[in-house]
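Here is the structure we will look at, set down as structure tokens.
There are 2 protein chains.
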Amino acid sequence: MARLLWMALLIICGRTCACKISNDFVGAKAPGDVIIGGLFAVHGKTMTIPSGYPRRPAVQNCAGFDLEGFLQSLAMIHAIESINNSTFLNGIKLGYEIYDTCADVSTALVATMKFLAKVNSSGTIVESKRNYTDYIPRVKAVIGASYSEESIAVSRLLTLQLMPQISYSASADILSDTFRFPSFFRSIPSDIFQTKAMASLIQRSGWDWIGMLTTDDEYGRLAVEDFGRQAMAFNVCIAFRETLPAYLSDLAIDKRINSALNVIRDHVKVNVIIVFLKPYLVIKLFQKALEMEVNKTWIASDNWSASLQVASIPNINKIGKIVGFMFKGGNVSSFSHFLENLGKRDFENNRLLDQYAILLAGCSHVSEQDLYNCISDYTKGNWLYDAPLSQGSLREDFLIASVLPGFVYGTHLAVTALANAIRNLCRHRNCKKPGSFAPWQLLEALQGLSFTDGGKKITFDSKGDINIGYDVLFWKKNQNGSMDIITVAEYDCQENVFFFKESKRKLEFNALMNIKSKCSAVCTPGQMKKTSESQHTCCYECVTCPENHYSDQTGKENM
Amino acid sequence: MARLLWMALLIICGRTCACKISNDFVGAKAPGDVIIGGLFAVHGKTMTIPSGYPRRPAVQNCAGFDLEGFLQSLAMIHAIESINNSTFLNGIKLGYEIYDTCADVSTALVATMKFLAKVNSSGTIVESKRNYTDYIPRVKAVIGASYSEESIAVSRLLTLQLMPQISYSASADILSDTFRFPSFFRSIPSDIFQTKAMASLIQRSGWDWIGMLTTDDEYGRLAVEDFGRQAMAFNVCIAFRETLPAYLSDLAIDKRINSALNVIRDHVKVNVIIVFLKPYLVIKLFQKALEMEVNKTWIASDNWSASLQVASIPNINKIGKIVGFMFKGGNVSSFSHFLENLGKRDFENNRLLDQYAILLAGCSHVSEQDLYNCISDYTKGNWLYDAPLSQGSLREDFLIASVLPGFVYGTHLAVTALANAIRNLCRHRNCKKPGSFAPWQLLEALQGLSFTDGGKKITFDSKGDINIGYDVLFWKKNQNGSMDIITVAEYDCQENVFFFKESKRKLEFNALMNIKSKCSAVCTPGQMKKTSESQHTCCYECVTCPENHYSDQTGKENM
Numbered sequence: 001m002a003r004l005l006w007m008a009l010l011i012i013c014g015r016t017c018a019c020k021i022s023n024d025f026v027g028a029k030a031p032g033d034v035i036i037g038g039l040f041a042v043h044g045k046t047m048t049i050p051s052g053y054p055r056r057p058a059v060q061n062c063a064g065f066d067l068e069g070f071l072q073s074l075a076m077i078h079a080i081e082s083i084n085n086s087t088f089l090n091g092i093k094l095g096y097e098i099y100d101t102c103a104d105v106s107t108a109l110v111a112t113m114k115f116l117a118k119v120n121s122s123g124t125i126v127e128s129k130r131n132y133t134d135y136i137p138r139v140k141a142v143i144g145a146s147y148s149e150e151s152i153a154v155s156r157l158l159t160l161q162l163m164p165q166i167s168y169s170a171s172a173d174i175l176s177d178t179f180r181f182p183s184f185f186r187s188i189p190s191d192i193f194q195t196k197a198m199a200s201l202i203q204r205s206g207w208d209w210i211g212m213l214t215t216d217d218e219y220g221r222l223a224v225e226d227f228g229r230q231a232m233a234f235n236v237c238i239a240f241r242e243t244l245p246a247y248l249s250d251l252a253i254d255k256r257i258n259s260a261l262n263v264i265r266d267h268v269k270v271n272v273i274i275v276f277l278k279p280y281l282v283i284k285l286f287q288k289a290l291e292m293e294v295n296k297t298w299i300a301s302d303n304w305s306a307s308l309q310v311a312s313i314p315n316i317n318k319i320g321k322i323v324g325f326m327f328k329g330g331n332v333s334s335f336s337h338f339l340e341n342l343g344k345r346d347f348e349n350n351r352l353l354d355q356y357a358i359l360l361a362g363c364s365h366v367s368e369q370d371l372y373n374c375i376s377d378y379t380k381g382n383w384l385y386d387a388p389l390s391q392g393s394l395r396e397d398f399l400i401a402s403v404l405p406g407f408v409y410g411t412h413l414a415v416t417a418l419a420n421a422i423r424n425l426c427r428h429r430n431c432k433k434p435g436s437f438a439p440w441q442l443l444e445a446l447q448g449l450s451f452t453d454g455g456k457k458i459t460f461d462s463k464g465d466i467n468i469g470y471d472v473l474f475w476k477k478n479q480n481g482s483m484d485i486i487t488v489a490e491y492d493c494q495e496n497v498f499f500f501k502e503s504k505r506k507l508e509f510n511a512l513m514n515i516k517s518k519c520s521a522v523c524t525p526g527q528m529k530k531t532s533e534s535q536h537t538c539c540y541e542c543v544t545c546p547e548n549h550y551s552d553q554t555g556k557e558n559m
Numbered sequence: 001m002a003r004l005l006w007m008a009l010l011i012i013c014g015r016t017c018a019c020k021i022s023n024d025f026v027g028a029k030a031p032g033d034v035i036i037g038g039l040f041a042v043h044g045k046t047m048t049i050p051s052g053y054p055r056r057p058a059v060q061n062c063a064g065f066d067l068e069g070f071l072q073s074l075a076m077i078h079a080i081e082s083i084n085n086s087t088f089l090n091g092i093k094l095g096y097e098i099y100d101t102c103a104d105v106s107t108a109l110v111a112t113m114k115f116l117a118k119v120n121s122s123g124t125i126v127e128s129k130r131n132y133t134d135y136i137p138r139v140k141a142v143i144g145a146s147y148s149e150e151s152i153a154v155s156r157l158l159t160l161q162l163m164p165q166i167s168y169s170a171s172a173d174i175l176s177d178t179f180r181f182p183s184f185f186r187s188i189p190s191d192i193f194q195t196k197a198m199a200s201l202i203q204r205s206g207w208d209w210i211g212m213l214t215t216d217d218e219y220g221r222l223a224v225e226d227f228g229r230q231a232m233a234f235n236v237c238i239a240f241r242e243t244l245p246a247y248l249s250d251l252a253i254d255k256r257i258n259s260a261l262n263v264i265r266d267h268v269k270v271n272v273i274i275v276f277l278k279p280y281l282v283i284k285l286f287q288k289a290l291e292m293e294v295n296k297t298w299i300a301s302d303n304w305s306a307s308l309q310v311a312s313i314p315n316i317n318k319i320g321k322i323v324g325f326m327f328k329g330g331n332v333s334s335f336s337h338f339l340e341n342l343g344k345r346d347f348e349n350n351r352l353l354d355q356y357a358i359l360l361a362g363c364s365h366v367s368e369q370d371l372y373n374c375i376s377d378y379t380k381g382n383w384l385y386d387a388p389l390s391q392g393s394l395r396e397d398f399l400i401a402s403v404l405p406g407f408v409y410g411t412h413l414a415v416t417a418l419a420n421a422i423r424n425l426c427r428h429r430n431c432k433k434p435g436s437f438a439p440w441q442l443l444e445a446l447q448g449l450s451f452t453d454g455g456k457k458i459t460f461d462s463k464g465d466i467n468i469g470y471d472v473l474f475w476k477k478n479q480n481g482s483m484d485i486i487t488v489a490e491y492d493c494q495e496n497v498f499f500f501k502e503s504k505r506k507l508e509f510n511a512l513m514n515i516k517s518k519c520s521a522v523c524t525p526g527q528m529k530k531t532s533e534s535q536h537t538c539c540y541e542c543v544t545c546p547e548n549h550y551s552d553q554t555g556k557e558n559m
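Residue numbers (the UniProt record's numbering), protein chains in the order written: chain A, 1 to 559; chain B, 1 to 559.
Put into structure tokens, the structure is as follows:
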């Protein structure tokens with residue numbers, strides 16, 4: 001396998017491929033009047049270091065090509081090109097500069113420093129100033145980053161220049177805090193709504209007692225905190241909360257996964273596990289869980305609920321049932337058309353595409369079904385990163401089949417929002433000049449912005465979030481022994497309501513939901529369930545309702 | 001009062017005081033062969049902005065002079081001068097560059113950018129690079145920051161160059177994660193030990209049911225998480241957890257304080273409240289609590305347990321009882337001697353000292369007792385910040401009386417650790433040359449470093465922390481109607497043991513501890529307490545012990 005990959009590399013690279021890491025590490029770029037930065041986790045981790053932490057101050061090599069992150073970066077390019085090809089900005093051309101963060105905070109920050117560098121400098125000089133009001137950086141706004149932990153660190157730095165940042169997938173609630181993160185926006189809802197939707201779903205399904213698995217970062221910690229609050233309100237008990245390292249490069253990962261699975265196995269009465277993890281962690285977890293024959297109902301958070309990588313784990317259908325939440329997607333037909341013609345295009349500079357082509361070439365021997373896993377193989381490093389542009393096939397069909405509307409729509413919305421703000425800002429100034437506006441002026445134009453996309457009105461709320469709602473996904477075993485991921489319902493954040501588009505889906509879904517925990521208590525009218533966190537007994541008991549409490553909570557829903 | 005302050009200012013400043021903010025904002029500096037950066041919260045907040053967040057990208061003005069932060073900055077200068085005046089470094093002279101962060105993340109990051117600027121540049125040029133191995137910044141290491149939220153953001157940026165950072169007071173446990181924060185060290189223990197000590201104290205005192213007040217930042221959130229884990233282990237119930245905004249500049253602060261006090265008042269059976277807040281928040285909280293006649297037992301975290309500002313709130317003795325934890329201090333006689341001679345010294349550049357002198361002059365009319373509050377008055381801005389060096393009195397007696405060993409010892413240890421690492425590193429190189437070593441090399445010299453201080457062996461553990469242990473403080477009403485803060489015991493982190501130096505203290509302390517919650521249950525042998533988080537009933541009940549659980553936990557202690 002490794003030999004095949006090397007051979008493919010030699011064919012593609014010819015003599016020019018030195019495989020060294022260049023000092024610049026831009027993933028893709030194109031010139032324009034207004035440059036927008038992009039941060040995408042096109043790789044899922046940095047290479048593991050034996051000491052557990054770096055010994056030299058340098059960006060680490062990456063591993064684990066992430067097709068979703070790659071498609072998101074292409075969605076940004078597509079959205080920018082669509083605007084440039086229209087008259088929307090009256091001739092102002094958008095450019096881009098995209099970096100692969102490898103899901104790593106330091107890598108994201110090195111890229112962010114490049115965004116903050118002064119215009120007309122060599123592109124590497126950041127001035128340290130007490131007042132940036134009149135400072136014009138090369139980049140005017142940033143799309144990204146993928147993960148909350150990265151986005152928090154990036155936002156801290158961008159705040160110095162009040163440079164607007166719109167993330168398409170960082171969902172930790174703390175990022176809604178405009179006092180701490182005044183230049184942060186996002187094109188998705190905060191996790192406060194996702195945890196509410198989960199608690200609501202769990203309560204209505206009669207699952208009394210659940211477990212939680214999260215990462216040990218802001219994303220996971222805040223999910224536990226948010227869900228804990230919702231669980232109290234919805235009378236749901238949390239039997240255990242286990243955390244796993246947020247980074248695959250962490251040396252303790254296998255030990256912690258084993259320990260979490262032992263906790264799950266010990267809690268025989270707990271049938272439902274909420275999982276707030278990155279896809280790569282879910283893969284490691286499920287591979288081990290399958291070995292241990294663990295079979296549960298898993299509730300998937302947005303970042304893995306639609307992961308084709310997870311869905312293509314061998315024997316995944318033996319893991320139990322999976323229900324997930326995903327940001328609501330929009331129409332992606334225009335993006336599919338863009339992907340269709342990807343191979344015919346001539347990109348000036350897109351190393352991410354080069355790397356994808358090289359990985360594809362290395363995977364030419366595998367079956368259609370295994371292609372996803374072959375490309376994202378975590379044992380491969382990124383020693384191919386600086387290879388020159390390849391002319392090989394790009395398997396556009398495979399890319400189109402891998403597009404998840406919920407993953408790429410957020411990127412599209414983020415670019416569209418920026419374009420609308422730029423249009424408003426540039427009505428009365430000549431934005432073709434580099435110094436025509438500073439980032440903080442664009443930030444003002446974004447605050448509270450409303451615009452239409454595909455006929456729908458989209459608005460940033462007072463916290464800088466776009467609350468587009470969620471799709472509820474259900475993983476269904478198919479005849480191949482793998483899983484199909486289907487949308488069964490939609491969840492409206494504002495109304496706390498689930499909607500079904502088809503009655504067949506509703507029946508299927510209700511059948512799935514009908515799993516009672518072995519320790520549930522049915523209380524008589526006038527009584528209420530009292531929850532306890534003790535791990536030794538069943539967590540519910542019925543007690544007489546105090547004043548102002550009722551034995552049943554009713555809410556609007558049409559499930 | 002404002003008029004008096006203006007008059008004092010006019011006398012001191014004469015014609016030269018333009019009161020404008022200069023573009024550089026260094027607080028204190030001195031040249032040297034190896035420059036050490038310092039970050040101290042000499043002010044407690046930035047000025048409140050009506051919109052809740054800044055509209056221009058500029059460092060905000062500060063308010064609320066913090067005498068403890070100011071003394072910590074002087075302790076850094078003292079430690080550096082002591083080393084320079086000795087032969088410890090064989091002629092290598094340490095310099096410093098200290099900034100006032102005003103407890104604000106953005107201000108701390110602007111200062112951090114200055115530390116990262118290239119040597120021999122104008123001091124403002126940071127190069128954005130993929131590899132900093134051969135990059136020589138102006139500063140080689142950083143002491144600080146004060147608070148965990150600042151320290152996390154600063155560490156993210158310093159990690160790019162692997163520049164060592166040693167905090168003297170940031171205690172959030174996450175900073176012990178060497179994978180995320182490879183260049184972070186601290187001269188104090190992680191909060192994981194403090195929360196364990198608190199839970200241990202609470203359990204042994206028979207306080208069944210407690211409440212928690214924390215800030216909504218990493219410090220508070222992790223304290224809740226850590227304490228929650230300890231509370232489970234020690235069978236202590238948490239009746240409520242209330243969070244307050246971490247920043248006084250937050251516009252919602254009064255509303256949230258009122259709401260938290262209402263929760264406290266509604267929980268009549270909860271007598272003990274753990275408070276993880278900054279001193280300024282405690283002042284606001286207690287002022288309101290005194291109005292509402294709330295009287296409880298308060299358990300104080302390190303950052304306010306010895307705060308003279310809190311202790312000097314009028315009628316503070318009516319708030320109830322206060323027990324606190326404080327990092328163990330060392331001998332500060334040499335620092336007191338340094339303070340004694342402060343007025344006779346000629347500092348090249350110390351604007352922090354200037355500002356203190358100006359505030360002192362403005363407070364010359366108030367009584368000894370009110371001096372602390374007058375100086376730190378939060379309604380005063382920092383429009384005096386750029387005044388020239390004053391020749392007024394520095395009230396050295398007042399400064400010496402305000403020194404808290406637990407606050408300044410951490411700063412002393414941090415500088416001493418750096419000096420030891422520099423000595424080891426410079427044995428075989430000429431460190432008088434600016435380019436003789438890069439920060440990452442100093443980092444290597446710090447890892448696992450052991451050294452002696454005052455005859456005691458000090459070691460960084462594998463997580464980069466120095467576990468010096470805690471003093472247990474007891475606030476005792478005195479005859480003036482205010483509080484004296486006395487050390488009653490010591491807590492050993494490793495052994496989970498309290499030690500009393502005097503039997504009188506032990507008796508006093510035990511008398512204080514004997515407060516039973518009104519809902520405690522005494523279980524018969526063979527039974528154990530079962531905890532519940534329900535707010536509607538008493539939180540304990542006795543249940544038959546499952547296997548491997550005993551009705552009583554015994555541990556080493558000599559209380």
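Backbone N, C-alpha and C define an ideal beta-carbon position, used for all residues, glycine too.
Small disclaimer: the values here were computed from a predicted structure and weren't measured.
Would residue i pass as an interface residue toward chain B - the criterion being a Cβ-Cβ separation below 8 Å?
i      : result
A:L339 : no
A:M113 : yes
A:Y99  : no
A:L109 : yes
A:F234 : no
A:I125 : yes
What residue range does the beta strand (DSSP E) around residue i cover?
i                      : result
residue 570 of chain A : The requested residue 570 of chain A is not part of the displayed model; chain A covers only 1 to 559.
Between which two residues does the alpha helix (DSSP H) containing residue i stretch?
i                      : result
residue 571 of chain B : What is shown of chain B runs 1 to 559, which leaves residue 571 of chain B out entirely.
A:R229                 : 218-233
A:C355                 : According to the sequence provided, residue 355 of chain A is Gln. The question's Cys does not apply to it. Counting along the chain, the alpha helix (DSSP H) containing A:Q355 begins and ends at 351-362.
Any idea which residues DSSP pairs residue i with across the strands?
i      : result
A:D104 : Answer is none; A:D104 lacks a bridge partner.
A:C465 : According to the sequence shown, residue 465 of chain A is Asp rather than Cys. Its beta-bridge partners are A:R186.
In this structure, how does DSSP classify residue i when only helix, strand and coil are distinguished?
i      : result
B:K296 : strand
A:C493 : coil
A:A111 : helix
A:H78  : helix
B:W209 : strand
B:P137 : strand
A:F179 : coil
Check the Cβ-Cβ distances between residue i and every residue of chain A, and say whether any is below 8 Å.
i      : result
B:K284 : no
B:C519 : Confidence in B:C519 is poor, its pLDDT being 46 and thus under 50, which makes the residue's placement too unreliable to answer from.
Hey, is the segment 207-219 of chain B in contact with the segment 177-186 of chain B, meaning 3+ C-beta pairs nearer than 8 Å? Segments in contact, no.
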